[in-house]
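Shown next, in structure tokens, is the structure this report addresses.
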Amino acid sequence: MPGGREPATIASIKKYRPKNESINNSQVLFSDYEYEDAILVVKEMVELNVLRLVESRLVTNHISLYIGYSRTDGGGWAGGSRKLTVRTNSLSVLMDAFISLYHLKVQKGRLIRQISISFNDVLDESYESYDLFSDIEALEEEKKLQKAIVSIRHKYGKNAILKLMNKQEKATTEKRNTLIGGHNA
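Written as structure tokens, this is what we have:
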């Protein structure tokens with residue numbers, strides 16, 4: 006808005022109730038994945054969910070990660086959730102949080118077959134918050150880039166812009182985007 010004016014009133018913000026309280030993404034992998042290969046898929050999933058947050062003008066301050074180990078490796082689950090110190094839709098902030106949670110909760114040496122991630126406590130981006138360590142200018146530049154990616158993907162298709170990580174052998178985004186019901190980010 007010109008002049009930095011916000012069209013929302015305090016009353017409208019207080020009575021706002023989100024349509025969705027979380028954004029989730031889960032996938033069964035095409036084969037058993039090693040620890041380092043699975044973190045690549047987690048990164049892809051986080052990026053796709055961040056694009057959904059940005060596109061929907063939403064922010065989160067609570068993430069969850071669950072890993073399903075392969076039945077050939079005894080099965081079972083690992084994971085957990087983490088409350089963030091900020092409410093954000095920043096790819097860098099959310100990616101760092103998921104990578105940290107992955108390294109904390111997932112056992113090296115186990116074969117992984119399923120990955121689920123969630124952005125919980127999702128609210129309108131008017132609730133975005135920062136901490137003393139936030140580089141607000143960098144976060145705004147990052148958001149502009151994410152919005153541009155969303156726009157290009159809408160115009161030219163889901164695989165119009167891919168990162169190098171999406172081209173790696175164990176990456177799943179490009180293939181999943183070609184499947185019926187693939188991601189819409």
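Take 6 as the starting number for the sequence shown in my numbering and just add one per residue.
Glycine is no exception: its CB is placed at the ideal position from the N, C-alpha and C atoms.
- Listed in chain order, the alpha helix (DSSP H) runs fully inside the stretch 87-130 are 96-110, counting runs of at least 4 residues.
- For residue 164, no beta strand (DSSP E) segment is defined, and its DSSP state is neither H nor E.
- Per DSSP, residue 56 is one residue of the alpha helix (DSSP H) stretching across 40-61.
- In this structure, residue 29 sits away from residue 58, with a CB-CB distance that is not shorter than 8 Å.
- About 11 Å separates the CB atoms of residue 53 and residue 155; that is not less than 8 Å, and the two are not in contact.
- The residue among 114, 125, 139 and 150 with its C-alpha nearest the C-alpha of residue 37 is 114.
- Three or more beta-carbon pairs separated by less than 8 Å link the stretch 91-109 to the stretch 64-79, which places the two stretches in contact.
- Taking residue 121 as the centre and dropping the five residues before and after it, the same chain places the C-beta of 31 and 71 closer than 6 Å to its C-beta, in chain order.
- Put simply, of 50, 84 and 160 the residue whose alpha carbon is nearest the alpha carbon of residue 170 is 50.
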